[in-house]
Amino acid sequence: MSKNATTHHRNRRVLVGVTGGIAAYKSPELVRRLIDRGCEVRVVMTRGAGAFITPLTLQAVSGHPVHEHLLDADAESGMGHIELARWAELVVVAPATANFIARIAHGQADDLLTTLVLATTAEVAVAPAMNRQMWLHPATQANLDILRSRDIRIIGPGSGDQACGETGPGRMTEPEEIASLLAGDPADMAYAGRRILVTAGPTWEALDPVRGITNHSSGKMGYALAAAAADQGAEVILVSGPVHLQAPAGVRRIDVRSADEMLAAVLENLAGTDVFVAVAAVSDFRPARPAEHKIKKSPGEDTMTLELVRNPDILATVAALDSPPFTVGFAAETRDTLANARDKLAGKGVDVIAANDVGGADSAFDSDSNTVTLVHAGGEISIPTADKYAVAVDMLREIDRLLTGG
Ligand code: C5P
């Protein structure tokens with residue numbers, strides 16, 4: 461995902477740094493709350509953190525090995541420190557001790573976590589936790605001013621009873637609040653409580669057990685829409701033809717091969733769906749009589765005729781139901797894109813057609829970016845060229861507006 465895309469969506473790849481304070485016992489809860497919001501989380505611990513919590517706990521909740529050392533040959537051959545710094549879209553250090561704050565204020569890079577903070581271009585946030593006198597000390601306050609001047613976000617601390625028996629400022633902000641500040645509140649997301657069904661990828665129409673008719677749809681646009689909808693709180697079902705992509709976090713994927721299977725899976729799962737987005741590149745025709753065994757060539761056979769029959773139109777079938785969901789289709793065209801999209805809008809009886817020009821170098825089938833114009837009964841909305849996730853986010857915002865009449 462391009463760096464640019466991070467301006468369009470909340471951060472998904474979060475590096476949680478844990479330093480050596482008693483509040484480290486709350487860090488696993490923070491990891492969990494971020495994952496609940498669809499984030500992928502990696503954890504880095506300082507040496508001091510190890511006195512309060514074990515790497516195993518953080519590994520269990522994050523689902524990934526915990527990074528602890530700067531110059532560990534094993535770790536560097538996996539995801540090395542520079543790779544980790546590049547991977548992160550957000551770095552949040554919780555708890556952040558007075559010592560850690562001092563070290564990053566002065567640009568030290570004497571362990572893995574401080575090095576990462578120096579090496580990353582991602583957004584950085586810290587949630588301080590310390591004794592109230594340490595918090596109030598002018599040295600700490602001056603260091604915090606330095607962090608603020610560098611756009612490092614300071615979350616909290618809260619006030620109250622402290623582990624040391626004192627009362628005052630210095631308690632780490634609760635994990636739920638940190639997660640909600642950084643990754644949004646699930647209930648406030650635009651698609652919370654909505655169900656979206658997406659078709660994606662190509663179909664495979666068997667000729668015999670080993671051959672078939674297909675196309676080179678990568679599935680990337682459909683998968684990006686599924687990911688973006690899940691990130692915005694939707695319950696997402698992704699009916700997917702054969703592709704080389706992983707199901708996005710929080711999405712229920714149903715694998716199919718042929719158009720017939722895709723239609724059956726869509727109809728089976730349509731109840732309760734608010735929005736249906738057909739992104740799949742469905743074969744228009746399929747072999748009339750697929751052979752049970754591998755077709756053999758015979759001597760002297762120079763030509764072969766295949767009889768094909770028409771496939772069902774999944775999108776038009778859904779749009780023609782008695783009370784259909786809001787329906788969105790795609791029109792990939794190489795010329796007269798908008799005119800063709802208008803014809804498709806009326807022909808298939810759908811609410812929106814996303815027209816994309818597949819002729820341009822920037823909008824090719826297998827590309828990571830796309831340029832789309834949404835055509836609907838009331839007009840046209842152009843979505844600027846961007847990576848497919850960012851296009852999906854923009855599309856979902858416009859679909860939400862059309863749905864709510866806003
Ligand atoms: O008719 P055409 O293939 O150009 O229409 C493209 C749109 O219709 C896409 O949204 C595609 O997913 C959907 N479609 C479908 N079933 C078909 C053919 C197309 O759902 N058999």
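For the sequence shown, the numbering used here begins at 461 and goes up steadily by one. Glycine included, each C-beta is placed from N, C-alpha and C at the ideal position. Bear in mind that the values here come from a model prediction, so they are computed numbers and not experimental data.
Beta strand (DSSP E) segment containing residue i, residue limits
{"i": "L550", "result": "L550 to A556"}
{"i": "S609", "result": "Taken as a continuous stretch (DSSP letters only), S609 belongs to no beta strand (DSSP E), being part of the alpha helix (DSSP H) at P598 to S609."}
{"i": "D817", "result": "V812 to D817"}
{"i": "H541", "result": "That residue, H541, is in no beta strand (DSSP E); its alpha helix (DSSP H) goes H541 to W547."}
{"i": "A579", "result": "Looking at the DSSP string, A579 is not in any beta strand (DSSP E); the run it does join, the alpha helix (DSSP H), is L572 to A579."}
{"i": "P747", "result": "F745 to P747"}
Nearest neighbour of residue i, chosen from the options [CA to CA]
{"i": "E489", "options": "A545, R507 and V521", "result": "V521"}
{"i": "V478", "options": "G510, C499 and S783", "result": "G510"}
{"i": "P662", "options": "P629, L705, I697 and K754", "result": "L705"}
{"i": "A556", "options": "A694, T765 and G481", "result": "G481"}
{"i": "R671", "options": "R492, K680 and A751", "result": "A751"}
{"i": "D715", "options": "L698, A779, A709 and G538", "result": "L698"}
{"i": "A799", "options": "C624, V788 and A814", "result": "A814"}
{"i": "T787", "options": "A694, L862, R749 and A719", "result": "L862"}
{"i": "E583", "options": "A643, G630, G620 and D571", "result": "A643"}
{"i": "D496", "options": "L775, A690 and R802", "result": "A690"}
{"i": "V735", "options": "P844, E637, E858 and E500", "result": "E858"}
{"i": "E924", "options": "L578, A483 and M764", "result": "This structure leaves residue 924 out entirely; the chain is present only between 461 and 866."}
{"i": "T600", "options": "H566, L641 and A623", "result": "H566"}
{"i": "R795", "options": "D803, V818, T674 and R507", "result": "V818"}
{"i": "P702", "options": "A558, R472 and S677", "result": "S677"}
{"i": "A687", "options": "A639, G498, E793 and Y485", "result": "G498"}
Residue i - DSSP class collapsed to helix/strand/coil
{"i": "F790", "result": "strand"}
{"i": "L730", "result": "coil"}
{"i": "F560", "result": "helix"}
{"i": "L685", "result": "helix"}
{"i": "N591", "result": "coil"}
{"i": "L766", "result": "coil"}
{"i": "M461", "result": "The pLDDT assigned to M461 is 32, lower than 50, so where the model puts this residue is not dependable, and the model offers no usable value."}
{"i": "P515", "result": "helix"}
{"i": "T467", "result": "Because the pLDDT at T467 is just 30, under 50, the model does not fix this residue reliably, and the value given afterwards should be weighed accordingly. In the structure shown, T467 sits in a helix (DSSP, three-state: H, G or I)."}
{"i": "S829", "result": "strand"}
{"i": "R654", "result": "coil"}
{"i": "L798", "result": "helix"}
{"i": "I755", "result": "coil"}
{"i": "A483", "result": "helix"}
{"i": "S522", "result": "helix"}
{"i": "A694", "result": "coil"}
{"i": "E761", "result": "coil"}
{"i": "L641", "result": "helix"}
{"i": "S537", "result": "helix"}
{"i": "G625", "result": "coil"}
{"i": "S678", "result": "coil"}
{"i": "G567", "result": "coil"}
Per DSSP, cross-strand counterpart(s) of residue i
{"i": "R631", "result": "G618"}
{"i": "T715", "result": "Note on identity: in this sequence residue 715 is Asp, with Thr being the wrong assignment. S700."}
{"i": "G809", "result": "None, per the DSSP bridge assignment."}
{"i": "I673", "result": "E665"}
{"i": "I841", "result": "L834"}
{"i": "M649", "result": "In DSSP, M649 forms no bridge with anything."}
{"i": "G477", "result": "V504 and V553"}
{"i": "T659", "result": "V699 and A738"}
{"i": "E583", "result": "L550"}
{"i": "R613", "result": "A585"}
Endpoints, the alpha helix (DSSP H) within which residue i is located
{"i": "I859", "result": "K848 to T864"}
{"i": "R493", "result": "S487 to D496"}
{"i": "L530", "result": "Looking at the DSSP string, L530 is not in any alpha helix (DSSP H), and its letter there is neither H nor E."}
{"i": "L775", "result": "I774 to A779"}
Contact test: residue i Cβ vs ligand 3 heavy atom, cutoff 7 Å
{"i": "I774", "result": "The ligand content of the structure shown is limited to ligand 1, which means ligand 3 is not among them."}
Closer than 8 Å to chain D by CB, residue i
{"i": "P617", "result": "The chain inventory of the structure shown lacks chain D, comprising one protein chain alone."}
Does the pairing of the region 509 to 527 with the region 656 to 670 give three or more beta-carbon distances under 8 Å?
Output reads no: the region 656 to 670 does not touch the region 509 to 527.
Specify whether the region 588 to 596 and the region 533 to 544 touch according to this definition: at least 3 beta carbon pairs, one from each stretch, less than 8 Å apart.
The region 588 to 596, when compared against the region 533 to 544, does not touch it at the 8 Å Cβ threshold.
Three or more C-beta pairs closer than 8 Å, one from the region 834 to 844 and one from the region 760 to 778: is that the case here?
A contact between stretches requires three or more CB pairs, one per stretch, nearer than 8 Å, and the region 834 to 844 fails this requirement with the region 760 to 778.
Between the region 683 to 700 and the region 653 to 662, are three or more C-beta pairs nearer than 8 Å?
Yes, the region 683 to 700 touches the region 653 to 662.
Meets three-Cβ-pair contact criterion under 8 Å: the region 677 to 684 and the region 614 to 632
No, the region 677 to 684 is not in contact with the region 614 to 632.
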